[in-house]
Amino acid sequence: MTASPSPAPQATSGDWSARQYTAFENERTRPVRDLVAAIPSTNVRLAVDLGCGPGNSTEVLARRFPGAAVTGMDSSADMVSAARKRLPGIGFEVSDIERWNPPQAFDVILANASLQWLPDHASLYPRLASRLAPGGTLAIQTPDNLEEPAHRLAREVAASARWAAKIGDVKHPARHSAAYYYALLRSHAGQVDVWRTTYFHPLAGAAAVVEWFKGSALLPYLARLDAEEKAAFITQYQAEIAKAYPALDDGTVLLPFPRLFIVAVR
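Using numbering that gives the first Met the number 0, read the sequence shown as starting at 0 and increasing by one per residue.
What follows is the structure, given as structure tokens:
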């Protein structure tokens, strides 16, 4: 699920790869299943998936509301191409969430793991809520893991002597607390439900943890490096990951992944 940030922030979404992202599709799709299941809307005629990625989240949305006209959009052409192949009966477009301003109102607006790439949530979230029809639902899930070891170690490696000049200034857009988003949306919706869940994903060792984040959080760092530098950065990062996420007796690593959920009904 991708969204192009505005030019100001130093982080970019890099080169999004549908193949890399879907390497852990079951794990990545579980949160959106939980999110879509919590949508209370029943009379859904028009629904959209903002930051649809390769279509896994759109598929969950379409199955929940089989009578609705469902569309999807993503800033990555590779992701949209994969989504079109996966769901040929659904309309997908390459577009940016920041510039999304449709004339019609929607019964469901889904944004699964996409808004964390965008700045200025103070204006973005209310703007999305304003595009809801009466009784419509804005359903958002964002990773809430910037202080988890995987992110912290990426920042530390990037700031080390070898990499500081090239990628030491990479920053992800700010994320906020559950209370912040509740207060932000409360005046724009009749009902706001916010919760946080930590998933524990069993992965096949430190290398698999690195592969997971190569498809998302590491992209802003890797986008600035050439092939040789990328390999060196990944080697250094993986050594730190192996220490931070010790394997169980069978070699499995349990990756804790906290996520923030918001369901706002207009």
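Where is the CB? At the ideal position from N, CA and C, for every residue including glycine.
Annotation: the continuous alpha helix (DSSP H) that includes residue 123 extends over 120–129.
The Cβ-Cβ distance between residue 81 and residue 53 falls below 8 Å. Taking a C-beta distance under 8 Å as the contact criterion, residue 136 and residue 47 do not qualify as a contact pair. According to the DSSP assignment, residue 261 belongs to the beta strand (DSSP E) that extends over 252–264. In chain order, 205, 209 place their CB closer than 6 Å to the CB of residue 237, counting only its own chain and leaving out the 5 sequence neighbours on each side. The beta strand (DSSP E) runs lying completely inside the stretch 184–245 and spanning 3 residues or more are 190–202, given in chain order. If you draw a 10 Å sphere on the C-beta of residue 213, you find 16 or more other C-beta atoms in it, and that means buried.
Straight through space, the alpha carbons of residue 160 and residue 174 are spaced by roughly 27 Å. Judged by DSSP in its simplified three-state form, residue 23 adopts helix. Rounded to whole angstroms, the gap between the alpha carbons of residue 200 and residue 179 is 27 Å. 249 is the residue among 196, 249, 30 whose C-alpha sits nearest the C-alpha of residue 202.
Taking all protein chains shown into account, residue 234 has fewer than 16 neighbouring C-beta atoms within 10 Å of its C-beta and is therefore exposed. Between residue 39 and residue 115, the alpha-carbon positions lie close to 24 Å from each other.
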